[in-house]
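S.K.: Have a look at this one before I ask anything.
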Amino acid sequence: MTEKLARTIMVQGTASDVGKSLVTAALCRIFTQDGYRTAPFKSQNMSLNSYVTWDGKEIGRAQGMQADACGILATTDMNPILLKPTREMASQVVVHGKPLREYEARDYRENYLPIAGDIVRDSLDRLRRTNDLIVLEGAGSPAEINLKDRDIVNMRMAAWADAPVVLVADIDRGGMFASIVGTLELLEPEERDRIGGFIINKFRGDVTLLQPGLDWLEQRTGKPVLGVLPFLPGLALEDEDSLSLRSEANRAAEGTQTNRDKLDIAVIKLPRVSNFTDADPLRHEPDVRLRFVEHPGEWGEPDIVILPGSKNTAEDLVWLREQGLERRVYQHAAQGGRLAGLCGGYEMLGERLLDPDGVESKRVETAGLGFFPFEVAFGAEKKTIRVEGTAKLWGEGLPIDGYEIHMGIMKPLGTGLRQPFLIRPAGADSTASAPEGACTPDGRIWGTFIHGVFHNDSFRRAWLNEARTGKGLEPLPPEQGVRFRELRESEFDRLAEHARTHLDLQRIYKLAGIGVSP
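Note that the numbering used here has the sequence shown beginning at 6, numbered continuously upward.
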(Lines of atoms letter the chains of each structure in order from A and count residues from 1; the text may use other names and numbers.)
(Lines give C-alpha, C1' and ligand atoms only; values in the text may rest on other atoms or scores of the structure.)
Protein backbone atom coordinates (compact mmCIF):
# COMPACT_ATOMS: atom_id res chain seq x y z
CA MET A 1 0.00 0.00 0.00
CA THR A 2 1.39 3.38 -1.04
CA GLU A 3 1.87 5.80 1.87
CA LYS A 4 -0.21 8.94 1.54
CA LEU A 5 1.93 12.09 1.56
CA ALA A 6 0.86 15.67 2.17
CA ARG A 7 0.11 17.94 -0.77
CA THR A 8 2.57 20.74 -1.46
CA ILE A 9 2.55 24.30 -2.73
CA MET A 10 5.59 26.57 -3.02
CA VAL A 11 6.07 30.32 -2.72
CA GLN A 12 8.98 31.70 -4.73
CA GLY A 13 9.94 35.31 -5.47
CA THR A 14 11.43 37.41 -8.22
CA ALA A 15 14.08 38.65 -5.75
CA SER A 16 15.02 38.74 -2.08
CA ASP A 17 12.80 40.71 0.32
CA VAL A 18 9.73 40.69 -1.94
CA GLY A 19 7.58 39.26 0.87
CA LYS A 20 7.88 35.49 0.38
CA SER A 21 8.07 34.77 4.10
CA LEU A 22 4.92 36.71 4.98
CA VAL A 23 2.96 35.33 2.02
CA THR A 24 3.99 31.85 3.18
CA ALA A 25 2.92 32.68 6.75
CA ALA A 26 -0.43 33.98 5.49
CA LEU A 27 -1.09 30.77 3.55
CA CYS A 28 0.00 28.68 6.55
CA ARG A 29 -2.50 30.50 8.77
CA ILE A 30 -5.31 30.28 6.21
CA PHE A 31 -4.88 26.56 5.58
CA THR A 32 -4.67 25.92 9.34
CA GLN A 33 -7.81 27.98 9.98
CA ASP A 34 -9.57 25.94 7.32
CA GLY A 35 -8.82 22.69 9.11
CA TYR A 36 -5.75 21.34 7.30
CA ARG A 37 -2.70 20.09 9.21
CA THR A 38 -0.19 22.50 7.71
CA ALA A 39 3.57 22.94 8.14
CA PRO A 40 6.14 25.31 6.58
CA PHE A 41 9.35 24.21 4.88
CA LYS A 42 12.43 25.97 3.56
CA SER A 43 15.22 23.64 2.58
CA GLN A 44 18.06 26.15 2.89
CA ASN A 45 17.91 29.55 4.49
CA MET A 46 20.57 32.24 4.72
CA SER A 47 19.88 34.49 7.68
CA LEU A 48 21.44 35.86 10.84
CA ASN A 49 17.98 36.04 12.39
CA SER A 50 17.41 32.62 13.87
CA TYR A 51 14.90 30.80 16.05
CA VAL A 52 15.47 28.17 18.73
CA THR A 53 13.09 25.22 18.62
CA TRP A 54 11.51 23.61 21.68
CA ASP A 55 14.35 21.08 21.82
CA GLY A 56 17.14 23.67 21.63
CA LYS A 57 17.94 23.56 17.90
CA GLU A 58 18.54 26.54 15.61
CA ILE A 59 16.53 27.24 12.45
CA GLY A 60 15.66 30.28 10.35
CA ARG A 61 13.48 32.82 12.13
CA ALA A 62 10.91 32.84 9.32
CA GLN A 63 10.23 29.11 9.62
CA GLY A 64 9.78 29.45 13.38
CA MET A 65 7.34 32.29 12.77
CA GLN A 66 5.49 30.27 10.10
CA ALA A 67 5.21 27.31 12.48
CA ASP A 68 3.66 29.69 15.01
CA ALA A 69 1.19 30.74 12.29
CA CYS A 70 0.26 27.05 11.96
CA GLY A 71 -0.09 26.72 15.72
CA ILE A 72 2.55 23.96 15.90
CA LEU A 73 5.98 23.51 17.43
CA ALA A 74 8.83 24.26 15.05
CA THR A 75 11.27 21.47 14.21
CA THR A 76 14.52 21.36 12.28
CA ASP A 77 12.79 19.49 9.45
CA MET A 78 11.12 22.81 8.60
CA ASN A 79 14.55 24.33 7.86
CA PRO A 80 17.18 21.58 7.77
CA ILE A 81 20.00 23.81 6.52
CA LEU A 82 20.68 27.31 7.85
CA LEU A 83 23.56 29.45 6.56
CA LYS A 84 24.76 32.17 8.94
CA PRO A 85 27.23 34.55 7.24
CA THR A 86 30.34 35.05 9.36
CA ARG A 87 32.43 37.19 7.00
CA GLU A 88 32.69 38.05 3.32
CA MET A 89 32.16 34.89 1.24
CA ALA A 90 31.92 32.54 4.25
CA SER A 91 29.12 31.17 6.41
CA GLN A 92 28.60 28.90 9.35
CA VAL A 93 26.57 25.93 8.10
CA VAL A 94 23.94 24.75 10.58
CA VAL A 95 22.46 21.31 9.78
CA HIS A 96 19.36 20.17 11.66
CA GLY A 97 19.88 22.87 14.23
CA LYS A 98 23.55 22.25 15.07
CA PRO A 99 26.65 23.92 13.60
CA LEU A 100 28.51 21.71 11.15
CA ARG A 101 31.43 23.98 10.24
CA GLU A 102 32.30 27.21 8.47
CA TYR A 103 32.42 26.96 4.68
CA GLU A 104 33.81 29.30 2.08
CA ALA A 105 31.15 29.95 -0.56
CA ARG A 106 32.88 27.98 -3.33
CA ASP A 107 33.73 25.05 -1.08
CA TYR A 108 30.15 24.82 0.13
CA ARG A 109 28.76 25.00 -3.38
CA GLU A 110 31.10 22.41 -4.88
CA ASN A 111 31.49 19.95 -2.01
CA TYR A 112 28.51 20.19 0.34
CA LEU A 113 25.49 21.01 -1.81
CA PRO A 114 25.45 17.54 -3.42
CA ILE A 115 25.17 16.06 0.10
CA ALA A 116 22.62 18.67 1.18
CA GLY A 117 20.11 17.53 -1.44
CA ASP A 118 19.53 14.22 0.37
CA ILE A 119 19.21 15.98 3.73
CA VAL A 120 16.50 18.37 2.59
CA ARG A 121 14.52 15.71 0.72
CA ASP A 122 14.50 13.47 3.80
CA SER A 123 13.25 16.37 5.95
CA LEU A 124 10.46 17.18 3.54
CA ASP A 125 9.42 13.52 3.37
CA ARG A 126 9.11 13.35 7.16
CA LEU A 127 6.91 16.47 7.19
CA ARG A 128 4.74 15.10 4.39
CA ARG A 129 4.06 11.90 6.32
CA THR A 130 2.53 13.77 9.30
CA ASN A 131 0.65 16.66 7.67
CA ASP A 132 -2.03 17.39 5.07
CA LEU A 133 -0.27 20.27 3.34
CA ILE A 134 3.28 21.65 3.24
CA VAL A 135 3.85 25.28 2.23
CA LEU A 136 7.38 25.55 0.86
CA GLU A 137 9.31 28.81 0.59
CA GLY A 138 12.07 29.51 -1.92
CA ALA A 139 15.06 31.81 -1.53
CA GLY A 140 16.07 34.84 -3.54
CA SER A 141 15.14 34.26 -7.18
CA PRO A 142 14.74 30.98 -9.10
CA ALA A 143 16.39 32.62 -12.12
CA GLU A 144 19.94 32.97 -10.73
CA ILE A 145 21.68 31.37 -13.70
CA ASN A 146 25.01 30.92 -11.90
CA LEU A 147 23.36 28.93 -9.07
CA LYS A 148 20.84 26.76 -10.88
CA ASP A 149 23.00 23.69 -11.45
CA ARG A 150 23.35 23.16 -7.68
CA ASP A 151 19.94 24.49 -6.64
CA ILE A 152 18.33 22.87 -3.59
CA VAL A 153 15.95 25.66 -2.61
CA ASN A 154 13.97 26.88 -5.64
CA MET A 155 12.91 25.07 -8.81
CA ARG A 156 14.78 21.85 -8.17
CA MET A 157 13.21 21.71 -4.70
CA ALA A 158 9.80 22.32 -6.28
CA ALA A 159 10.40 19.37 -8.61
CA TRP A 160 11.50 17.11 -5.74
CA ALA A 161 8.34 18.10 -3.85
CA ASP A 162 6.16 18.01 -6.99
CA ALA A 163 4.95 21.43 -5.88
CA PRO A 164 3.12 24.02 -7.97
CA VAL A 165 4.78 27.42 -7.59
CA VAL A 166 3.27 30.80 -6.81
CA LEU A 167 5.64 33.60 -7.89
CA VAL A 168 5.65 36.72 -5.70
CA ALA A 169 6.79 40.12 -7.02
CA ASP A 170 7.24 43.37 -5.06
CA ILE A 171 5.63 46.27 -6.92
CA ASP A 172 6.89 48.79 -4.35
CA ARG A 173 10.49 48.50 -5.54
CA GLY A 174 9.56 49.12 -9.20
CA GLY A 175 10.06 47.04 -12.34
CA MET A 176 7.47 44.48 -11.32
CA PHE A 177 6.34 43.50 -14.84
CA ALA A 178 9.93 43.21 -16.04
CA SER A 179 10.92 41.11 -13.03
CA ILE A 180 8.08 38.63 -13.58
CA VAL A 181 8.52 38.33 -17.36
CA GLY A 182 12.30 38.24 -17.01
CA THR A 183 12.11 35.49 -14.41
CA LEU A 184 9.91 33.36 -16.67
CA GLU A 185 12.20 33.92 -19.66
CA LEU A 186 15.19 32.62 -17.69
CA LEU A 187 13.47 29.42 -16.55
CA GLU A 188 13.56 26.11 -18.38
CA PRO A 189 10.25 25.12 -20.03
CA GLU A 190 9.46 22.50 -17.39
CA GLU A 191 10.20 25.04 -14.63
CA ARG A 192 7.99 27.63 -16.33
CA ASP A 193 5.17 25.08 -16.51
CA ARG A 194 5.37 24.59 -12.75
CA ILE A 195 4.45 28.23 -12.04
CA GLY A 196 0.71 28.41 -11.40
CA GLY A 197 0.33 32.17 -11.09
CA PHE A 198 1.57 35.43 -9.63
CA ILE A 199 0.99 37.43 -6.46
CA ILE A 200 1.73 41.14 -6.66
CA ASN A 201 2.86 42.30 -3.21
CA LYS A 202 3.17 45.65 -1.37
CA PHE A 203 0.81 47.56 -3.66
CA ARG A 204 -0.10 51.15 -2.82
CA GLY A 205 -2.82 53.10 -4.60
CA ASP A 206 -5.84 52.43 -6.80
CA VAL A 207 -5.76 48.86 -8.08
CA THR A 208 -8.03 49.75 -11.03
CA LEU A 209 -5.14 51.79 -12.46
CA LEU A 210 -3.02 48.65 -12.36
CA GLN A 211 -5.59 46.43 -14.09
CA PRO A 212 -4.51 47.10 -17.70
CA GLY A 213 -1.01 45.97 -16.77
CA LEU A 214 -2.35 42.85 -15.07
CA ASP A 215 -4.40 42.02 -18.15
CA TRP A 216 -1.29 42.42 -20.32
CA LEU A 217 0.73 40.23 -17.94
CA GLU A 218 -1.82 37.41 -18.11
CA GLN A 219 -1.98 37.62 -21.91
CA ARG A 220 1.80 37.79 -22.23
CA THR A 221 2.52 34.83 -19.94
CA GLY A 222 -0.65 32.76 -20.14
CA LYS A 223 -0.66 32.58 -16.35
CA PRO A 224 -3.13 34.14 -13.91
CA VAL A 225 -2.58 36.90 -11.38
CA LEU A 226 -3.71 35.25 -8.15
CA GLY A 227 -4.10 38.53 -6.33
CA VAL A 228 -2.72 41.97 -5.56
CA LEU A 229 -1.80 42.39 -1.89
CA PRO A 230 -1.94 46.00 -0.72
CA PHE A 231 0.82 47.14 1.60
CA LEU A 232 -0.15 46.20 5.17
CA PRO A 233 1.21 48.84 7.57
CA GLY A 234 2.25 48.25 11.15
CA LEU A 235 2.24 44.46 10.99
CA ALA A 236 3.64 43.14 14.27
CA LEU A 237 5.32 40.10 12.74
CA GLU A 238 9.06 39.81 12.52
CA ASP A 239 11.10 40.39 9.39
CA GLU A 240 13.82 37.86 8.68
CA ASP A 241 15.98 39.81 6.27
CA SER A 242 18.14 42.64 7.58
CA LEU A 243 17.41 44.35 4.25
CA SER A 244 14.17 45.39 5.94
CA LEU A 245 16.17 47.47 8.42
CA ARG A 246 17.05 49.85 5.58
CA SER A 247 13.43 50.85 5.17
CA GLU A 248 13.07 50.90 8.96
CA ALA A 249 15.99 53.33 9.19
CA ASN A 250 14.49 55.46 6.44
CA ARG A 251 11.14 55.66 8.23
CA ALA A 252 12.89 56.66 11.43
CA ALA A 253 14.86 59.36 9.61
CA GLU A 254 11.63 60.87 8.33
CA GLY A 255 10.50 61.71 11.84
CA THR A 256 13.39 63.73 13.20
CA GLN A 257 11.29 65.95 15.44
CA THR A 258 11.87 65.02 19.08
CA ASN A 259 8.81 63.99 21.05
CA ARG A 260 9.47 64.61 24.73
CA ASP A 261 6.61 62.29 25.73
CA LYS A 262 8.28 59.31 24.04
CA LEU A 263 11.42 57.36 24.84
CA ASP A 264 13.94 57.64 22.01
CA ILE A 265 15.58 54.21 21.64
CA ALA A 266 18.52 53.83 19.25
CA VAL A 267 19.55 50.33 18.14
CA ILE A 268 23.05 50.27 16.67
CA LYS A 269 22.78 48.52 13.30
CA LEU A 270 25.92 46.43 13.33
CA PRO A 271 27.14 45.12 9.93
CA ARG A 272 26.66 41.51 11.09
CA VAL A 273 23.60 42.14 13.24
CA SER A 274 21.77 38.97 14.25
CA ASN A 275 18.36 38.40 15.80
CA PHE A 276 17.42 42.04 15.36
CA THR A 277 13.82 40.94 16.00
CA ASP A 278 14.73 41.21 19.70
CA ALA A 279 13.67 44.86 19.41
CA ASP A 280 10.33 44.18 17.68
CA PRO A 281 8.12 44.53 20.79
CA LEU A 282 9.57 47.99 21.46
CA ARG A 283 8.42 49.18 18.04
CA HIS A 284 4.80 48.70 19.07
CA GLU A 285 4.93 50.39 22.48
CA PRO A 286 2.95 53.67 22.48
CA ASP A 287 5.65 55.59 24.35
CA VAL A 288 8.64 54.49 22.25
CA ARG A 289 10.33 55.85 19.13
CA LEU A 290 12.58 53.05 17.87
CA ARG A 291 15.25 53.69 15.26
CA PHE A 292 18.40 52.06 13.88
CA VAL A 293 21.65 54.02 13.61
CA GLU A 294 24.79 53.26 11.58
CA HIS A 295 26.92 56.39 11.94
CA PRO A 296 27.34 59.32 14.38
CA GLY A 297 25.28 61.67 12.22
CA GLU A 298 22.19 59.61 13.04
CA TRP A 299 22.85 59.50 16.79
CA GLY A 300 20.63 62.33 18.01
CA GLU A 301 19.82 62.33 21.75
CA PRO A 302 18.63 58.81 22.58
CA ASP A 303 17.29 57.95 26.01
CA ILE A 304 18.29 54.31 25.55
CA VAL A 305 20.93 52.67 23.36
CA ILE A 306 20.79 48.96 22.49
CA LEU A 307 23.76 46.94 21.28
CA PRO A 308 22.10 43.98 19.51
CA GLY A 309 23.34 40.50 18.70
CA SER A 310 26.17 39.92 16.26
CA LYS A 311 27.46 36.95 14.28
CA ASN A 312 31.01 38.31 14.57
CA THR A 313 31.31 40.28 17.79
CA ALA A 314 34.98 41.25 17.46
CA GLU A 315 34.70 42.55 13.90
CA ASP A 316 31.52 44.47 14.72
CA LEU A 317 33.20 45.98 17.78
CA VAL A 318 36.10 47.14 15.59
CA TRP A 319 33.51 48.61 13.16
CA LEU A 320 31.88 50.43 16.09
CA ARG A 321 35.19 52.10 16.86
CA GLU A 322 36.02 52.92 13.25
CA GLN A 323 32.59 54.52 12.77
CA GLY A 324 33.08 56.78 15.78
CA LEU A 325 30.13 55.17 17.56
CA GLU A 326 32.18 53.86 20.49
CA ARG A 327 32.80 57.44 21.64
CA ARG A 328 29.07 58.15 21.38
CA VAL A 329 28.29 55.11 23.53
CA TYR A 330 30.76 56.26 26.20
CA GLN A 331 29.37 59.80 26.17
CA HIS A 332 25.81 58.49 26.40
CA ALA A 333 26.66 56.35 29.44
CA ALA A 334 28.68 59.13 31.13
CA GLN A 335 25.72 61.49 30.81
CA GLY A 336 23.38 59.08 32.57
CA GLY A 337 21.94 57.39 29.49
CA ARG A 338 20.68 53.83 29.58
CA LEU A 339 22.47 51.06 27.70
CA ALA A 340 21.51 47.44 27.07
CA GLY A 341 23.56 44.74 25.34
CA LEU A 342 22.03 41.56 23.94
CA CYS A 343 24.14 38.48 23.22
CA GLY A 344 26.96 39.85 21.02
CA GLY A 345 26.18 43.33 22.29
CA TYR A 346 26.48 41.98 25.84
CA GLU A 347 29.85 40.40 24.99
CA MET A 348 31.08 43.84 23.85
CA LEU A 349 30.39 45.31 27.30
CA GLY A 350 33.16 43.27 28.97
CA GLU A 351 36.91 43.78 29.23
CA ARG A 352 38.05 41.68 26.30
CA LEU A 353 37.11 39.13 23.64
CA LEU A 354 39.35 36.10 23.16
CA ASP A 355 39.27 33.97 20.01
CA PRO A 356 42.58 32.04 19.82
CA ASP A 357 41.11 29.33 17.56
CA GLY A 358 39.47 31.75 15.09
CA VAL A 359 35.95 30.53 15.84
CA GLU A 360 34.30 33.84 14.92
CA SER A 361 37.16 36.07 13.86
CA LYS A 362 40.83 36.08 12.96
CA ARG A 363 41.39 38.57 15.81
CA VAL A 364 42.92 36.62 18.70
CA GLU A 365 42.16 39.30 21.29
CA THR A 366 39.99 42.41 21.08
CA ALA A 367 39.55 45.00 23.81
CA GLY A 368 35.94 45.30 24.95
CA LEU A 369 34.09 48.44 25.95
CA GLY A 370 35.03 47.82 29.59
CA PHE A 371 31.71 48.43 31.32
CA PHE A 372 31.89 45.15 33.25
CA PRO A 373 34.67 42.96 34.70
CA PHE A 374 34.42 39.89 32.51
CA GLU A 375 35.99 38.38 29.42
CA VAL A 376 34.46 36.28 26.67
CA ALA A 377 36.24 33.36 25.03
CA PHE A 378 34.77 31.81 21.89
CA GLY A 379 34.55 28.02 21.92
CA ALA A 380 33.81 25.43 19.28
CA GLU A 381 30.45 24.41 20.79
CA LYS A 382 27.44 26.63 20.19
CA LYS A 383 24.96 26.96 23.04
CA THR A 384 21.35 26.87 21.81
CA ILE A 385 18.75 26.56 24.54
CA ARG A 386 15.38 27.91 25.64
CA VAL A 387 15.51 29.40 29.13
CA GLU A 388 13.21 30.83 31.79
CA GLY A 389 13.68 32.50 35.15
CA THR A 390 13.60 35.95 36.73
CA ALA A 391 15.18 39.34 36.15
CA LYS A 392 16.01 41.61 39.05
CA LEU A 393 17.43 44.83 37.69
CA TRP A 394 15.36 46.90 40.09
CA GLY A 395 12.99 45.93 42.92
CA GLU A 396 11.34 42.50 42.84
CA GLY A 397 12.26 39.82 40.35
CA LEU A 398 10.17 39.71 37.17
CA PRO A 399 9.44 36.47 35.26
CA ILE A 400 11.15 36.12 31.90
CA ASP A 401 11.75 33.52 29.23
CA GLY A 402 13.72 33.52 25.99
CA TYR A 403 16.53 31.63 24.30
CA GLU A 404 20.31 31.64 23.98
CA ILE A 405 22.35 31.21 20.79
CA HIS A 406 26.05 31.91 21.27
CA MET A 407 29.54 30.44 21.10
CA GLY A 408 31.00 32.90 23.58
CA ILE A 409 31.70 31.77 27.16
CA MET A 410 31.64 34.53 29.76
CA LYS A 411 34.19 34.43 32.59
CA PRO A 412 33.99 36.98 35.46
CA LEU A 413 37.20 38.79 36.32
CA GLY A 414 37.33 39.23 40.09
CA THR A 415 34.29 39.37 42.35
CA GLY A 416 32.64 42.67 41.40
CA LEU A 417 30.21 41.42 38.77
CA ARG A 418 26.53 41.87 39.58
CA GLN A 419 24.37 39.36 37.68
CA PRO A 420 20.68 40.35 37.63
CA PHE A 421 19.19 37.33 35.81
CA LEU A 422 18.51 33.96 37.43
CA ILE A 423 17.74 31.44 34.70
CA ARG A 424 17.38 27.71 34.03
CA PRO A 425 16.57 25.54 31.01
CA ALA A 426 12.90 25.87 30.08
CA GLY A 427 10.85 23.34 32.01
CA ALA A 428 13.66 22.52 34.46
CA ASP A 429 13.34 22.57 38.25
CA SER A 430 14.21 25.85 39.97
CA THR A 431 17.20 24.15 41.59
CA ALA A 432 18.82 24.26 38.14
CA SER A 433 18.80 28.08 38.16
CA ALA A 434 22.07 29.97 37.77
CA PRO A 435 22.99 33.68 37.67
CA GLU A 436 23.43 35.26 34.24
CA GLY A 437 24.17 38.62 32.66
CA ALA A 438 25.63 41.78 34.15
CA CYS A 439 24.37 45.17 35.34
CA THR A 440 25.42 48.31 37.14
CA PRO A 441 24.10 48.77 40.71
CA ASP A 442 21.38 51.15 39.50
CA GLY A 443 20.36 48.87 36.59
CA ARG A 444 21.02 51.66 34.11
CA ILE A 445 23.51 49.59 32.07
CA TRP A 446 23.02 45.87 31.63
CA GLY A 447 23.58 42.96 29.30
CA THR A 448 22.43 39.38 28.81
CA PHE A 449 22.82 36.40 26.49
CA ILE A 450 19.03 36.00 26.48
CA HIS A 451 17.34 36.72 23.17
CA GLY A 452 13.66 37.57 23.40
CA VAL A 453 13.96 39.25 26.79
CA PHE A 454 11.94 42.23 25.49
CA HIS A 455 9.13 39.86 24.48
CA ASN A 456 8.27 39.57 28.18
CA ASP A 457 5.59 42.20 28.81
CA SER A 458 6.14 42.82 32.53
CA PHE A 459 9.92 43.08 32.20
CA ARG A 460 9.72 45.33 29.15
CA ARG A 461 7.21 47.68 30.76
CA ALA A 462 9.18 47.88 34.03
CA TRP A 463 12.34 48.72 32.08
CA LEU A 464 10.60 51.38 29.99
CA ASN A 465 8.93 52.88 33.06
CA GLU A 466 12.26 53.09 34.85
CA ALA A 467 13.59 55.03 31.86
CA ARG A 468 10.47 57.22 31.83
CA THR A 469 10.99 58.09 35.49
CA GLY A 470 14.59 59.00 34.76
CA LYS A 471 13.36 61.31 32.02
CA GLY A 472 10.86 63.00 34.34
CA LEU A 473 7.81 61.27 32.89
CA GLU A 474 5.09 59.41 34.76
CA PRO A 475 5.22 55.60 34.49
CA LEU A 476 2.79 54.17 31.97
CA PRO A 477 0.24 51.75 33.47
CA PRO A 478 0.72 48.17 32.26
CA GLU A 479 -2.73 48.13 30.63
CA GLN A 480 -1.64 50.98 28.33
CA GLY A 481 1.38 49.05 27.12
CA VAL A 482 1.50 46.24 24.57
CA ARG A 483 0.72 42.60 25.32
CA PHE A 484 3.07 41.53 22.60
CA ARG A 485 2.39 37.82 22.37
CA GLU A 486 -1.36 38.41 22.22
CA LEU A 487 -0.74 41.13 19.63
CA ARG A 488 1.40 38.77 17.56
CA GLU A 489 -1.27 36.09 17.56
CA SER A 490 -3.92 38.58 16.46
CA GLU A 491 -1.55 39.80 13.74
CA PHE A 492 -1.42 36.32 12.23
CA ASP A 493 -5.20 36.52 11.94
CA ARG A 494 -5.01 40.03 10.48
CA LEU A 495 -2.47 38.89 7.90
CA ALA A 496 -4.64 35.90 6.99
CA GLU A 497 -7.77 38.05 6.63
CA HIS A 498 -5.82 40.51 4.48
CA ALA A 499 -4.73 37.64 2.21
CA ARG A 500 -8.25 36.15 2.08
CA THR A 501 -9.61 39.51 0.96
CA HIS A 502 -7.14 40.07 -1.85
CA LEU A 503 -6.10 36.61 -3.10
CA ASP A 504 -8.00 34.19 -5.31
CA LEU A 505 -8.06 31.40 -2.74
CA GLN A 506 -10.20 29.10 -4.86
CA ARG A 507 -7.45 29.05 -7.49
CA ILE A 508 -4.74 28.63 -4.85
CA TYR A 509 -6.58 25.70 -3.27
CA LYS A 510 -6.97 24.14 -6.70
CA LEU A 511 -3.25 24.60 -7.35
CA ALA A 512 -2.45 22.83 -4.08
CA GLY A 513 -4.71 19.96 -5.14
CA ILE A 514 -6.90 20.03 -2.05
CA GLY A 515 -10.17 21.07 -3.63
CA VAL A 516 -11.59 24.45 -2.72
CA SER A 517 -11.51 26.68 0.32
CA PRO A 518 -14.18 25.62 2.83
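C-beta atoms are modelled at their ideal positions from N, C-alpha and C, and glycine is treated no differently.
Rounded to whole angstroms, what's the CA-CA distance from Y514 to P194? Just pull it up for me.
M.R.: Using only the alpha carbons, I get a separation of about 24 Å.
S.K.: Per DSSP, which one or two residues make a beta bridge with C444?
M.R.: Answer is W451.
S.K.: When the Cα atoms are used, what is the spatial distance from V364 to I410?
M.R.: Cα to Cα, V364 sits roughly 14 Å from I410.
S.K.: Just checking, does the segment 426–433 make contact with the segment 388–403 on the three C-beta pairs under 8 Å criterion?
M.R.: The answer is yes - the segment 388–403 touches the segment 426–433, with three or more Cβ pairs under 8 Å.
S.K.: Quick one: what's I204 bridged to in DSSP?
M.R.: Answer is V173, G232.
S.K.: Could you tell me which of E93, R326, P85, W59 sits nearest to A79, measuring between CA atoms?
M.R.: When only C-alpha atoms are compared, the closest one is W59.
S.K.: For T436, does the count of other Cβ atoms within 10 angstroms reach 16, so buried, or fall short, so exposed?
M.R.: Counting Cβ neighbours within 10 Å, T436 comes out exposed, since fewer than 16 surround it.
S.K.: Would you call the CB atoms of F36 and Q68 closer than 9 Å?
M.R.: For F36 and Q68, no; Cβs fall outside 9 Å.
S.K.: Does the distance from the C-beta atom of H294 to that of V272 stay below 9 Å?
M.R.: It is Arg, not His, that sits at residue 294 in the sequence shown. Not in contact: R294 and V272 (Cβ atoms no closer than 9 Å).
S.K.: With P286 and F489 assumed to form a contact (beta carbons below 8 Å), what rounded beta-carbon distance in angstroms separates them?
M.R.: About 4 Å; that satisfies the 8 Å criterion.
S.K.: Can you list, in chain order, the residues of its chain with a C-beta nearer than 6 Å to that of P147? Leave out the 5 residues immediately preceding and following it.
M.R.: Closer than 6 Å at Cβ, skipping near neighbours: Q17, N159, M160.
S.K.: Would you decide whether I405 is buried or exposed? Buried here means 16 or more other CB atoms lie within 10 Å of its CB.
M.R.: I405 comes out buried.
S.K.: So K207 and F236 are supposed to be a Cβ contact under 8 Å. How far apart are they, rounded?
M.R.: Between F236 and K207 the Cβ distance is about 5 Å, and since that is below 8 Å, they are a contact.
S.K.: Please give me, in chain order, every unbroken run of the alpha helix (DSSP H) with length at least 4 that falls completely inside the segment 291–328.
M.R.: Runs found: 318–327.
S.K.: Closest to G486 by CA distance: which of R178, W165, H460 is it?
M.R.: Closest by alpha carbon: H460.
S.K.: From the DSSP output, which residues share a beta bridge with P404?
M.R.: P404 pairs with T395.
S.K.: In angstroms, rounded to a whole number, what distance separates the CA positions of G373 and L322?
M.R.: In a straight line, the C-alpha of G373 is about 8 Å away from that of L322.
S.K.: Is the segment 21–41 close to the segment 74–88, with three or more CB pairs under 8 Å?
M.R.: Touching, yes, given that three or more Cβ pairs across the two stretches are closer than 8 Å.
S.K.: Hey, is the segment 212–223 in contact with the segment 463–475, meaning 3+ C-beta pairs nearer than 8 Å?
M.R.: No, the segment 212–223 does not touch the segment 463–475.
S.K.: What are the boundary residues of the beta strand (DSSP E) that includes R357?
M.R.: Unbroken beta strand (DSSP E) run through R357: 357–359.
S.K.: Starting from the C-beta of V100, find all residues in its chain whose C-beta is less than 7 Å away, skip the five residues before and the five after it, and write them out in chain order.
M.R.: Excluding positions up to five away in sequence, the list reads P85, I86, I124.
S.K.: Throw me the rounded Cβ distance for the M70 and L240 pair, which I believe falls under 8 Å.
M.R.: With a Cβ gap of about 12 Å, M70 and L240 do not count as contacting.
S.K.: What are the boundary residues of the alpha helix (DSSP H) that A433 is part of?
M.R.: Here A433 belongs to no alpha helix (DSSP H), and DSSP marks it neither H nor E.
S.K.: Counting Cβ pairs, one atom from each stretch, are 3 or more of them under 8 Å apart for the segment 173–193 and the segment 50–59?
M.R.: No, they do not touch.
S.K.: Using the three-state DSSP reduction, which class does H507 fall into: helix, strand or coil?
M.R.: In the structure shown, H507 sits in a helix (DSSP, three-state: H, G or I).
S.K.: Sorted by chain position, which residues of the same chain lie with C-beta nearer than 6 Å to A20's C-beta, five sequence neighbours on each side aside?
M.R.: So the qualifying residues of the chain are S146.
S.K.: Is V171 near I200, with beta carbons less than 9 Å apart?
M.R.: Yes.
S.K.: Taking a contact to mean a Cβ-Cβ separation below 9 Å, would you say T91 touches N280 in this structure?
M.R.: Cβ distance not < 9 Å, so T91 and N280 don't count as in contact.
S.K.: Is the beta carbon of S48 sitting closer than 9 Å to the one on L152?
M.R.: Cβ atoms of S48 and L152: not closer than 9 Å.
S.K.: Leaving out five residues before and five after A168 in sequence, what residues of the same chain have Cβ atoms less than 7 Å from its Cβ?
M.R.: Once the five neighbours on either side are set aside, the close Cβ partners of A168 are T13, I14, M15, L141.
S.K.: Cβ of M412 within 9 Å of Cβ of K387?
M.R.: Result yes, Cβ atoms of M412 and K387 sit closer than 9 Å.
S.K.: Could you check whether C348 and I205 sit closer than 9 Å to each other, using their CB atoms as the reference points?
M.R.: Cβ atoms of I205 and C348: not closer than 9 Å.
S.K.: Between which two residues does the alpha helix (DSSP H) harbouring L132 extend?
M.R.: Taken as a continuous stretch (DSSP letters only), the alpha helix (DSSP H) holding L132 covers 118–134.
S.K.: Evaluate L105 with the Cβ neighbour count: other Cβ atoms within 10 Å of its Cβ, from every protein chain shown; 16 or more gives buried, anything less gives exposed.
M.R.: Exposed.
S.K.: Quick one: give me the first and last residue of the beta strand (DSSP E) that V16 is part of.
M.R.: First-last of the beta strand (DSSP E) with V16: 12–18.
S.K.: The alpha helix (DSSP H) spanning L27 covers which residue range?
M.R.: First-last of the alpha helix (DSSP H) with L27: 25–38.
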